[in-house]
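*Asks:* Let me begin by handing over the structure; questions about it come next.
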Amino acid sequence: MGLLSRMISAVSGTRQGRLGLSAQFEAEGKLIAAAETDAKGQIYIGTKKGMVECISLKADLLWSFDLQEKRSSAEEMFLDPEASSSISAQPRIADINSDRRLELFVGSETGKLVCFTEDGKKKWEFSAKGPIRSRPDFDSASGTIIFGSTDKRVYCLDKNGSMKWNFDAKAPVESGVTCHKGKCFFGNDNGDFFCISSEGKLVWQAKTDGKIIATPTVGRLFGDEREHVLIGSFDRKMYAFEMDGKELWSFSTEGRICSDAALADVNDDGKLEVFFGSCDNMAYALTSEGQRMWTFETDFWVVARPLVFDLDNDGNYEVVIASYDEFVYVLDARGYYSLDFLPGVSGVAQQSGHFAEVLTYRSGENAAKLLWKLRLDGMGTGLAAVVQKQNKYIIASTNTGKLDIISYQKEV
Amino acid sequence: MPEELIKDKSHIERIPLYIEGLDDQMEGGIPAGQITLVCGTAGTMKSSLSFNVLYNEVLNGKTALYITLEQSAVSLLNHMTNMGFDSSKVNILLIKNLSDIEQKLSMAKGKGTLVLADIAVIRKEIKSADTRIGPTGDWINVLKNIVRKMKEHGQLDLFTLDSLSALYVISKFDNPRTELFYYYEFLRDLDITTFLISEMPLDKSRYGEYGVEDFLADGVIRLELVERQRKTNREITVIKMRKTAVNNDVFTLEWAGRKFKALYGGQPALI
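Structural data, given as structure tokens:
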């Protein structure tokens, strides 16, 4: 690409390179949660058929473990065959016993939390009294693993799988737990949002008007010492709370929010921008103050947590969205400002390469800038990333059981 | 199986209620595959009316499932024999054990079988057995799995659950509206003509425990005991029936000559 082309691209946002399917793994069972990845580029998934699988970036199966239990025919009758032993939650890796080897934690519909070694050997399991439908989290402050269950409890286990405490959340917990500096955050099906201590004591509690199934996200929204926790609710709002439980802001969408929020400073203003999807088919980018920065419309729900990183190594952030419309979209994280008057020469130059969007968005507003889109082999149910120096991969889970490993390729 | 669009009302297959004088007031019966709530207070013959439909359809070669949650299957059969039903004319399979359900169902090969699942007995068995389930297990799944297994064996046309009220006692519903919706949809997807028996409270303020059962059902049949002077009459009203032009008037219900009759002011209704 010549110098002039690069200069025009830099101004106009014209896409360079392309997004392509690098490899594809066909899992044994549907995938309804995001994969977990480690620094070596290994990918861990749990399937609807109860399989835990570890895959390489080349889509080779490294190991697998069948969580299906042997049951009597009478016991089988009490279980939903669609759900029994299935895995609805994203797995979690952590070095819980500080031996410099990772453990993998997987929760299942039968209420089992199973701990594996990184090479797929089962170390221990713990039984809750209800399905585990969300990702467990590792609390580094106490060296414990913490997770919620639909039996209305949040459990804390030590490195050997023994329960240290459990917390009565008064309603099923399908939300993930996020632990941060000795505090754990989660929501329940009644719309209550909790902050508890690493010892399982209630610190504060807030109320939303809908079920919470997303996982909270913690970050310093304003780039200073103040920390905040963000959570989406079925009441269609994304909430930001201060660490003492005071609501900082809430932002209304038109659909239930199942997606976690992703935070990143994408415009170098020293503050964190907020990215999430909603069941109104939109992906949202908000400022740290909870104001709309841009939105991007897909053709179906956006449930997966967006990825925010520099996919194409151009020094700018991209936002990756997976939608139930069976596409992955890569957007310029900053969006762009659509001129008040269109389509003069400057307008055309600004919109270069994005003529479809010119027709879609109203002038005088910020809009998302689509860089690439790629068809998946099913509804996009989860996203994960593998970042290895210059090589970056998007790992997209789909409801058909295909795990698409997507990479950016710089065109020569 | 999702419901398909019909081009003509004559394409609707109908299951008669086998109530003389009422079927002809509702285009011949209930559209096949629909869910009907049969509700009434105690003693209004809800079980007998549902059993009567299943029995007659089985005589015609259909396969039916009757799940009883409280009354034992033997007690139910004895009651029906006393009413005049001839159990020797139909192939009856009793399920009293969840472990041998597959084996039992394999014996039901061929059409014309009435399967009676005795959950009351199974509950006692589960309570006494050394299982990981316990008496408070998920009984909704048990009901679904029996229905599903029968359907997998390629044979289930009609189903009666006796009763929803008993189900509420043994299975906790956190979100009744949502959970009942999905249960109804499960039955609709399997394309089974279903009768859900519901105990009405004595004040007759609603058709079911949660007040949503009638909204979710395709049809509602209300049975009542009405006292006039010293005489108690049974009455039947079809409150609603989707895909059917129905006479919603109150009929007197009688069991005589081994069949149900609906009378209109003491006489068969004029068509």
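If you're matching them up, the sequences are chains G and B in order. One point on numbering: in our numbering, the residue at position 375 of the first sequence is 364, and numbering is uninterrupted. Just add 498 to wherever you are in the second sequence, counting from 1, and you've got our numbering. All C-beta atoms in this analysis are idealised placements derived from N, C-alpha and C, irrespective of residue type, glycine included.
Alpha carbons only, please: which of G/D233, G/S53 and G/C268 is nearest the one belonging to G/D249?
*Replies:* Here the closest residue by C-alpha is G/C268.
*Asks:* I want to know whether the segment 524 to 538 of chain B touches the segment 679 to 697 of chain B - three or more CB-CB distances under 8 Å.
*Replies:* A contact exists between the segment 524 to 538 of chain B and the segment 679 to 697 of chain B.
*Asks:* Can you find a CB in chain B that lies within less than 8 Å of the CB of G/M434?
*Replies:* Residue numbering for chain G in the displayed model covers -10 to 401; residue 434 of chain G lies beyond these limits and cannot be assessed.
*Asks:* Please report the straight-line C-alpha distance between B/T730 and B/L723, rounded to a whole angstrom.
*Replies:* Straight-line Cα distance between these residues: approximately 6 Å.
*Asks:* When the cut-off is 8 Å and only beta carbons count, does B/V613 lie next to chain G?
*Replies:* Closer than 8 Å: no.
*Asks:* With a threshold of 7 Å on Cβ separation, who are the neighbours of G/I383 within its own chain once the five nearest residues in sequence on each side are excluded?
*Replies:* Counting only Cβ-Cβ distances below 7 Å, and skipping sequence neighbours, we find L296, V309, V317, L372, A374 and I395.
*Asks:* Report the residues of the segment 586 to 598 of chain B with a CB closer than 9 Å to any CB of chain G, ordered along the chain.
*Replies:* Cβ contacts with chain G: N595, L596, S597 and D598.
*Asks:* Hey, how far is the Cα of B/S570 from the Cα of G/G266?
*Replies:* In a straight line, the C-alpha of B/S570 is about 52 Å away from that of G/G266.
*Asks:* Could you check the C-alpha separation between G/E346 and G/F285 for me, to the nearest Å?
*Replies:* Residue confidence for G/E346 is low, a pLDDT of 48 falling below 50, so the modelled location carries little weight and cannot support an answer.
*Asks:* Out of G/K19, G/L10 and G/R90, which has the shortest C-alpha to C-alpha gap to G/M368?
*Replies:* When only C-alpha atoms are compared, the closest one is G/K19.
*Asks:* Taking 6 Å as the limit between beta carbons, can you name the residues of its chain near B/E511, skipping five residues before and five after?
*Replies:* So the qualifying residues of the chain are A530.
*Asks:* State the beta-bridge partners of G/S53 as determined by DSSP.
*Replies:* The partner list for G/S53 (beta bridge, DSSP) reads G/E42.
*Asks:* Whole angstroms are fine: how far does the CA of G/E216 sit from the CA of B/Y666?
*Replies:* Cα to Cα, B/Y666 sits roughly 46 Å from G/E216.
*Asks:* Check whether the segment 575 to 591 of chain B touches the segment 691 to 704 of chain B, counting contact only when three or more Cβ pairs, one atom from each stretch, lie closer than 8 Å.
*Replies:* They do not touch, by the three-pair rule.
*Asks:* Where does G/F344 fall in DSSP's three states?
*Replies:* At G/F344, the pLDDT of 45 sits below 50, so the modelled position is not reliable; the number obtained from the coordinates is stated separately. Helix, per DSSP.
*Asks:* Using the Cα positions of G/A16 and G/Q57, report the straight-line distance between them to the nearest angstrom.
*Replies:* Each residue's Cα considered, the two are about 15 Å apart.
*Asks:* By Cβ distance, which residues of its chain are closer than 6 Å to B/D660, with the 5 residues on each side in sequence left out?
*Replies:* These residues qualify, in order along the chain: S545, T566 and I695.
*Asks:* Which of the three DSSP states is assigned to B/E722 in this structure?
*Replies:* Strand, per DSSP.
*Asks:* Cβ closer than 7 Å: which chain B residues qualify as neighbours of G/L68?
*Replies:* Going along chain B in sequence order, the residues near G/L68 (Cβ under 7 Å) are N639.
*Asks:* Which same chain residues, not among the five before or five after B/S548, have their C-beta less than 8 Å away from its C-beta?
*Replies:* The residues are V536, Y564, T658, D660, F693 and I695.
*Asks:* Can you list the residues of chain G that B/N643 reaches, using a CB-CB cut of under 9 Å?
*Replies:* Near B/N643 (Cβ distances below 9 Å), the residues of chain G are E65, M66, F67, L68, D69 and P70.
*Asks:* Taking the alpha carbon of G/G9 as the reference point, which residue from G/Y325, G/C184 and G/L300 has its own alpha carbon closest?
*Replies:* Checked all of G/Y325, G/C184 and G/L300; the closest Cα to G/G9 is G/L300.
*Asks:* Looking only at its own chain, which residues have a Cβ that is under 8 Å from the Cβ of G/G430, when we skip the five neighbours before and after it?
*Replies:* Any answer about residue 430 of chain G is impossible in this case: the structure gives chain G only from -10 up to 401.
*Asks:* Spell out whether any CB of chain G is found under 8 Å from the CB atom of B/D636.
*Replies:* So, interface residue.
*Asks:* Going along chain B in order, which residues have a C-beta closer than 9 Å to the C-beta of G/S62?
*Replies:* L596, S597, D598, I599 and E600, listed in chain order.
*Asks:* Apply the 10 Å Cβ neighbour rule to G/A385 and answer buried if 16 or more other Cβ atoms are within range, or exposed otherwise.
*Replies:* Label assigned to G/A385: buried.
*Asks:* Taking the C-alpha atoms as reference points, what is the distance between G/E64 and B/W637?
*Replies:* Between G/E64 and B/W637, the C-alpha separation is close to 11 Å.
*Asks:* Hey, G/P205 and G/F175: beta-carbon distance below 8 Å or not?
*Replies:* In contact: G/P205 and G/F175 (Cβ atoms closer than 8 Å).
*Asks:* Could you name the residues that DSSP lists as bridge partners for G/Q13?
*Replies:* According to DSSP, which records beta bridges pairwise, G/Q13 is partnered with G/D393.
*Asks:* Grouping DSSP H, G and I as helix and E and B as strand, with all else coil, what is G/W283?
*Replies:* Three-state DSSP puts G/W283 in a strand.
*Asks:* Looking at the structure shown, is B/P674 part of a helix, part of a strand, or coil, going by DSSP?
*Replies:* Reduced to three states, the DSSP call for B/P674 is helix.
*Asks:* How would you label B/L503, buried or exposed, when you count the other beta carbons within 10 angstroms and need 16 or more for buried?
*Replies:* With fewer than 16 other Cβ atoms within 10 Å, it is exposed.
*Asks:* In this structure, does DSSP put B/Q727 in helix, strand or coil?
*Replies:* B/Q727 falls in the coil class under three-state DSSP.
*Asks:* From B/T534 to B/R704, what distance separates their C-alpha atoms?
*Replies:* Their backbone Cα atoms lie some 15 Å apart in a straight line.
*Asks:* Could you please give the first and the last residue of the uninterrupted beta strand (DSSP E) stretch that includes B/T579?
*Replies:* Where B/T579 is concerned, there is no enclosing beta strand (DSSP E), although the alpha helix (DSSP H) it sits in stretches over A571 to M581.
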